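Novice: Residue numbers (this note's numbering): 194 to 560.
Would you mind keeping the following structure in view while I ask a few things?
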Ligand SMILES: Cc1cc2nc3c(=O)[nH]c(=O)nc-3n(C[C@H](O)[C@H](O)[C@H](O)COP(=O)(O)OP(=O)(O)OC[C@H]3O[C@@H](n4cnc5c(N)ncnc54)[C@H](O)[C@@H]3O)c2cc1C
Ligand code: FES
């Protein structure tokens, strides 16, 4: 009896091992698409190993499309026109694509698999996006969950970007996290400082990249990033400006203000910074110093839920009711918003109700 059970178990183990090996071989064989040509803008061909996503295949060839969500299909930043060879549009792409985009063969490059020859169109600016190697030279605790980090470029390298743009950090494996991910972070330093960038990073509980940054990175570590990305930059007009930020959304606005400090600016600018309590405010002295630099700039921190022992006689509650006092002529007002999707939606709605034209409301949503 026992001998029979042992024999049966042995046979089952052998069968499952053989099936396992067959599956691995089949998968390798089925996914072996060989070398595949991607035609870019009708001008240039690159050859990549088939089977990977279009986004990763291009990155392999140092062509970096923005991918703020790290390829999860939730940001829409990686869109590009795939005129041939993209296969059917996947259900994971549809929520991010408008009817007009679908009709124009726009796809999410992080979802499209390269299985056969493909033709794509990408803007020329993409070719300016590069990978940079850097070393961390400073880490500052701004609050209990927000750090400011300085990345010095290696080998005398320099970076050109517009104040307000972002880079994507590539993480390394740490602890139990084996995979490397890429996440977007707005540059907080001004573009005049070309040999280093500073980022402001808020810890997201259980977040892959922010846990790496907050709990594992230290001064002296080498970090890779790509960039610059994005079209969140200050328009060169004479319109009044309303800045609105929460949490680490202070980063791109700090970069814009540092840039304006160099160029000079007499536009009327009001900066509303939303925080829960006193412990969430940071860089307040720096922002107050800008009030002395610019003739027409006001920094307005607003606390939504001050702690009982917070000594605070500034603005309280929601930010939105304070906008109307900052608007002289809604038609001649631009707004720059940065922070959580919830905040951006609520603020956009309120500004539109006050008459600020939708096309003059610019934002970077950190969601
Ligand atoms: C254009 C752009 C610029 C950005 N700039 C900055 C910046 O300057 N500073 C900064 O701190 N962040 C910034 N972000 C957000 C950043 O890219 C990451 O999404 C964030 O740091 C979380 O990454 P993670 O790998 O730690 O978390 P993940 O591993 O991606 O997420 C873990 C979990 O947290 C949730 N989650 C993800 N992001 C958030 C969030 N922001 N708040 C709450 N929950 C979240 C996810 O849904 C998931 O359930 C920016 C995002 C974009 C799109
Ligand atoms: S990288 Fe975010 S949707 Fe493709």
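Note that beta-carbon positions come from the ideal geometry of N, C-alpha and C, so glycine has one too.
A quick note: this is a predicted structure, and the numbers were derived from the prediction, not measured.
Between which residues of its own chain and residue 412 is the CB-CB distance below 8 Å, once the five residues before and five after are set aside?
Specialist: Counting from 1 along the chain shown, the entry for residue 412 is found at position 219. So the list reads 329, 330, 331, 332, once near-sequence residues are dropped.
Novice: What do you reckon, is the C-beta of residue 578 under 7 Å from a heavy atom of ligand 1?
Specialist: Within the shown structure, residues of the chain are numbered from 194 to 560, placing residue 578 beyond reach of any answer.
Novice: Should residue 291 be counted as a contact of ligand 2 given a C-beta to heavy atom distance under 7 Å?
Specialist: Taking the chain shown and counting its residues from 1, the one referred to as residue 291 is at position 98. Every heavy atom of ligand 2 is 7 Å or more from the Cβ of residue 291, so no.
Novice: What do you get for residue 261, buried or exposed, if any count of 16 or more other CB atoms within 10 angstroms of its CB means buried?
Specialist: Start at 1 with the first residue of the chain shown, and residue 261 comes out as number 68. Buried, because 16 or more other Cβ atoms sit within 10 Å of the Cβ of residue 261.
Novice: How about residue 368: is its Cβ closer than 7 Å to a heavy atom in ligand 2?
Specialist: The residue given as residue 368 occupies position 175 in the chain shown. Not so, every heavy atom of ligand 2 lies at least 7 Å from the Cβ.
Novice: Taking the C-alpha atoms as reference points, what is the distance between residue 385 and residue 542?
Specialist: Locating residue 385 in the chain shown gives position 192, where the first residue counts as 1. Locating residue 542 in the chain shown gives position 349, where the first residue counts as 1. Roughly 34 Å separates the two Cα atoms.
Novice: Answer with buried or exposed for residue 425, where buried requires no fewer than 16 other C-beta atoms within 10 angstroms of its C-beta.
Specialist: Position 232 of the chain shown, counting from 1, holds the residue named residue 425. Residue 425 comes out buried.
Novice: Which term fits residue 369, buried or exposed, when burial requires 16 or more other beta carbons within 10 angstroms of its beta carbon?
Specialist: By one-based count along the chain shown, residue 369 stands at place 176. Exposed.
Novice: Put residue 402 into one of helix, strand or coil per three-state DSSP.
Specialist: As a working note, residue 402 is residue 209 in the chain shown. Residue 402: helix per DSSP, three-state reduction.
Novice: If you draw a straight line from the C-alpha of residue 495 to the C-alpha of residue 246, how long is it?
Specialist: Sequence index remark: in the chain shown, residue 495 carries index 302 (1-based). Sequence index remark: in the chain shown, residue 246 carries index 53 (1-based). Rounded to the nearest angstrom, the two C-alpha atoms are 44 Å apart.
Novice: In whole angstroms, what separates the C-alpha of residue 292 from that of residue 300?
Specialist: As a working mapping, residue 292 is identified with position 99 in the chain shown. As a working mapping, residue 300 is identified with position 107 in the chain shown. Cα-Cα distance, rounded: 12 Å.
Novice: Whose C-beta lies closer than 7 Å to the C-beta of residue 253 among residues of the same chain, with five residues either side of it excluded?
Specialist: In the chain shown, counting from the first residue as 1, residue 253 sits at position 60. If we look at residue 253 and ignore the five residues flanking it on each side, its Cβ neighbours are 241.
Novice: When burial is assigned at 16 or more other CB atoms within 10 Å of the CB, is residue 288 buried or exposed?
Specialist: Taking the chain shown and counting its residues from 1, one reaches residue 288 at position 95. With fewer than 16 other Cβ atoms within 10 Å, it is exposed.
Novice: To the nearest angstrom, how far is the alpha carbon of residue 314 from that of residue 294?
Specialist: Residue 314 sits at position 121 when you count from the first residue of the chain shown. Residue 294 sits at position 101 when you count from the first residue of the chain shown. Cα-Cα distance, rounded: 13 Å.
Novice: Let me know the secondary structure DSSP gives residue 483 once reduced to three states.
Specialist: Counted from its first residue, the chain shown places residue 483 at position 290. Looking at residue 483 - three-state DSSP - the assignment turns out to be helix.
Novice: Specify which residues have a beta carbon nearer than 7 Å to any heavy atom of ligand 2, listing them in chain order.
Specialist: Result (chain order): 248, 260, 261, 262, 263, 264, 265, 266, 267, 268, 269, 270, 271, 289, 301, 302, 303, 304.
Novice: Report yes if the C-beta distance between residue 537 and residue 556 is below 8 Å; otherwise report no.
Specialist: Working through the chain shown from its first residue, we reach residue 537 at position 344. Working through the chain shown from its first residue, we reach residue 556 at position 363. Yes, the pair counts as a contact, with Cβ atoms nearer than the cut-off.
Novice: Please determine whether the Cβ atom of residue 549 lies at a distance below 7 Å from any heavy atom of ligand 1.
Specialist: Here residue 549 refers to the residue found at position 356 of the chain shown. Answer for residue 549: no, Cβ out of range of ligand 1.
Novice: Given 7 Å as the limit, tell me if residue 360 has its C-beta closer than that to any heavy atom belonging to ligand 1.
Specialist: For the purposes of this step, residue 360 is taken as the residue at position 167 of the chain shown. Incorrect: residue 360 has no Cβ contact closer than 7 Å to ligand 1.
Novice: When you compare the CB of residue 372 with every CB in chain D, is at least one pair closer than 8 Å?
Specialist: Checking the listed chains, one finds no chain D in this structure; it contains a single protein chain.
Novice: Any idea what DSSP makes of residue 407, helix, strand or coil?
Specialist: Counting from 1 along the chain shown, the entry for residue 407 is found at position 214. Reduced to three states, the DSSP call for residue 407 is helix.
Novice: Is residue 389 helix, strand or coil when you go by DSSP?
Specialist: For the purposes of this step, residue 389 is identified with residue 196 of the chain shown, where counting begins at 1. Reduced to three states, the DSSP call for residue 389 is strand.
Novice: Using a 10 Å radius around the Cβ and a threshold of 16 neighbouring Cβ atoms, would you call residue 548 buried or exposed?
Specialist: If you number the chain shown from 1, residue 548 lands on position 355. Exposed.
Novice: Can you find the residues in the same chain that come closer than 8 Å, C-beta to C-beta, to residue 345, ignoring five residues on each side of it along the sequence?
Specialist: Along the chain shown, read from residue 1 onward, the residue named residue 345 stands at position 152. Excluding positions up to five away in sequence, the list reads 327, 328, 329, 330, 388, 389.
Novice: CB-CB under 8 Å to residue 471, same chain, minus the five flanking residues each way: which ones, in chain order?
Specialist: Here residue 471 refers to the residue found at position 278 when the chain shown is read from its first residue. Closer than 8 Å at the Cβ level, and outside the excluded window around residue 471, lie 496, 499, 500, 503, 504, 505.
Novice: I'd like the list of long-range same chain contacts for residue 310, defined as Cβ closer than 8 Å, with 5 residues on each side in sequence excluded.
Specialist: Taking the chain shown and counting its residues from 1, the one referred to as residue 310 is at position 117. Around residue 310: 229, 230, 231, 232, 277, 278.
Novice: Let me confirm a value: residue 337 is counted as buried when at least 16 other C-beta atoms fall within 10 Å, else exposed. Which label applies?
Specialist: Indexing the chain shown from 1 puts residue 337 at position 144. By the neighbour-count rule (16 or more Cβ atoms within 10 Å), residue 337 is not buried but exposed.
Novice: Does ligand 1 have even one heavy atom less than 7 Å from the beta-carbon of residue 592?
Specialist: What the structure shows of the chain is the stretch from 194 to 560, and residue 592 is not part of that stretch, so it cannot be assessed.
Novice: Would you say residue 441 touches ligand 1, meaning its beta carbon is less than 7 Å from a heavy atom?
Specialist: Here the question's residue 441 lines up with position 248 in the chain shown. Checking the Cβ of residue 441 against ligand 1 gives yes.
Novice: Can you confirm whether the segment 414 to 423 touches the segment 521 to 541 when touching is taken to mean that 3 or more C-beta pairs between the two stretches lie within less than 8 Å?
Specialist: Flag = no, the segment 521 to 541 and the segment 414 to 423 do not touch.
Novice: Start and end of the alpha helix (DSSP H) containing residue 445?
Specialist: Working through the chain shown from its first residue, we reach residue 445 at position 252. First-last of the alpha helix (DSSP H) with residue 445: 443 to 456.
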